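Taken in order, the sequence shown gives residues 12 to 81; the numbers are from our numbering.
Glycine included, every Cβ here is placed at the ideal spot set by N, Cα and C.
Keep in mind that this is a model prediction, so the values were computed, not measured.
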Amino acid sequence: MADDLSGKAKHLGGVLKEGMGDLLGDRKIKEEGRLDQIEGTAEQDMVRASDAVEEANLRRVAAKQAKGEV
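Rendered as structure tokens:
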């Protein structure tokens, strides 16, 4: 969950940075903001994928237990 919050914060910071670059007319800052947003989204995706794998493992174990295999 902490990584997910980190990703959200990085994404939001990127949105703000992109807006600042747009306001100042600074294309470099604007592009850095876009890249920060992409990085933040990627961090969030990684956490969600990891959570999905963990949940799938729990379902697999539960199914095996229900079948009496464990």
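Item checked: DSSP three-state assignment for V81, whether helix, strand or coil -> In the three-state reduction of the DSSP assignment, V81 falls in the coil class.
Margin query: By the three-class DSSP mapping on this structure, what secondary structure does D37 have?
Written below: Correct three-state label for D37: coil.
Checklist line | Own chain residues within Cβ distance below 8 angstroms of A53, not counting five before or after | finding: The beta carbon of A53 lies closer than 8 angstroms to those of G18 in the same chain, with the five residues before and after it left out.
Check: Residues in its own chain within less than 7 angstroms of R45 by CB, not counting five upstream and five downstream?
Finding: Excluding its 5 nearest sequence neighbours in each direction, R45 has C-beta neighbours in its own chain below 7 angstroms: G25, E29, listed in chain order.
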